[in-house]
Structure formats: C-alpha cells, structure tokens
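A.B. asks: To convert, count from 1 in the sequence shown and add 2; that's this note's numbering. Here it is: the structure, laid out below.
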Amino acid sequence: MFSVLDREKNTELHTLDLDWANLSTVDPGVLARVVVRLENVNLNETKLTNHQVETMFAVFDKEKSTELNTLNLNDINLSTVDPDVLARVVVRLKNVNFSDTRLTTQQVHSMFEIIGLVFGLVLCLSFLQQILLCHYHY
3 MFSVLDREKN TELHTLDLDW ANLSTVDPGV LARVVVRLEN VNLNETKLTN
53 HQVETMFAVF DKEKSTELNT LNLNDINLST VDPDVLARVV VRLKNVNFSD
103 TRLTTQQVHS MFEIIGLVFG LVLCLSFLQQ ILLCHYHY
C-alpha cells in the first residue's frame, strides 16, 4: 500500500487512519514520503521502529511544502528523535497527539522553547497543560 501511495503523486487521499496496524516492516523513507503529503495521519499503536520515526521526522523537517495538519503518534516511542528536529516539526502542525511517546526532558524543553518563540508564552502554557492532561489521562 505505501509503495503505491509513494508512486502516486496525485492522490485524492487526505486522511490515513492506521490505528493498531503493525507498520514495523514498512520502508522508513516510503512511510515518511507518504505521510508528509497527507493532511491527517493516525499512527496510533502502529509499532513504528526508532529508525522509521527518526526518518519520518527528518523528512518532515526538510519538506517545506507539507500538507500535514494532524499527527497522532500515541504510544510510539519518540525518545530517539533529535529534539530540535522534533520541535521544528511540531510547531508546523495544528494538532498533535504525543501521549505515551516517552519524550525526553530535552525534547520537551526544545518544543517549549520553539513554541514560546513562535507563538508566545500563552500558547506554550496551553501546550504544557495538554501534555500534562494527556500524560496523566488513563
């Protein structure tokens, strides 16, 4: 499926919901190129590998014309993603779900720093509240 979507440049697909699908064997580059062209992506509990996640964020960071607005990475380990890359990607999105993603202190710090610079302290504090609500919501 991802190979076909990667080759098809003029797809009408805007939303991809792969909740609970095992994507651990999907080529990291193909996955990243497909996801960056969509508007809404749900990769909740999809067993993405560290390499897939790192590649996806690196491609997002370099791609300046992405349509991606919403990204759900609930229960995906993001701890190996470069903190600055993660932060630069997050500020370009409208909706993000990072519940149970094992973010490091440095990653959170980088996100707050860039969010504060880009959007100001009020939004930064709102983002903090959302992270705390997501972190403690069981």
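Yeah, the Cβ is synthetic: ideal placement off N, Cα and C, and Gly gets one too. Since this is a predicted model, take the numbers as computed values, not measurements.
1) What residue range is occupied by the uninterrupted beta strand (DSSP E) comprising Asn-44?
2) Spatial neighbours of Leu-7 within its chain, please: CB distance less than 6 Å, with the 5 preceding and 5 following residues excluded, ordered by chain position.
3) Please state the DSSP three-state secondary structure of Asp-77.
4) If Leu-80 sits next to Thr-107, beta carbons under 8 Å apart, how far is it from one beta carbon to the other, in whole angstroms?
5) Tell me, to the nearest whole angstrom, how far the beta carbon of Phe-62 is from that of Val-91; I am working on the premise that it is less than 8 Å.
6) Keeping to the same chain, check which residues put their C-beta closer than 6 Å to that of Asn-99; ignore five residues upstream and five downstream.
C.D. replies: Taking the coordinates as given:
1) As a first step, residue 44 must be located in the sequence shown, where it is residue number 42. It spans 42 to 44 - the beta strand (DSSP E) in which Asn-44 sits, taken as one unbroken run.
2) In the sequence shown, residue 7 corresponds to position 5, counting from 1. Answer for Leu-7: Val-36, listed in chain order.
3) As a first step, residue 77 must be located in the sequence shown, where it is residue number 75. It is coil, neither helix nor strand.
4) Counted from its first residue, the sequence shown places residue 80 at position 78. Counted from its first residue, the sequence shown places residue 107 at position 105. Not quite, the Cβ-Cβ distance comes to about 13 Å (not below 8 Å), so this is no contact.
5) Within the sequence shown, the letter at position 60 stands for residue 62. Within the sequence shown, the letter at position 89 stands for residue 91. With a Cβ gap of about 5 Å, Phe-62 and Val-91 count as contacting.
6) Here residue 99 is taken as the residue at index 97 of the sequence shown, counted from 1. Counting only Cβ-Cβ distances below 6 Å, and skipping sequence neighbours, we find Asn-74 and Asn-76.
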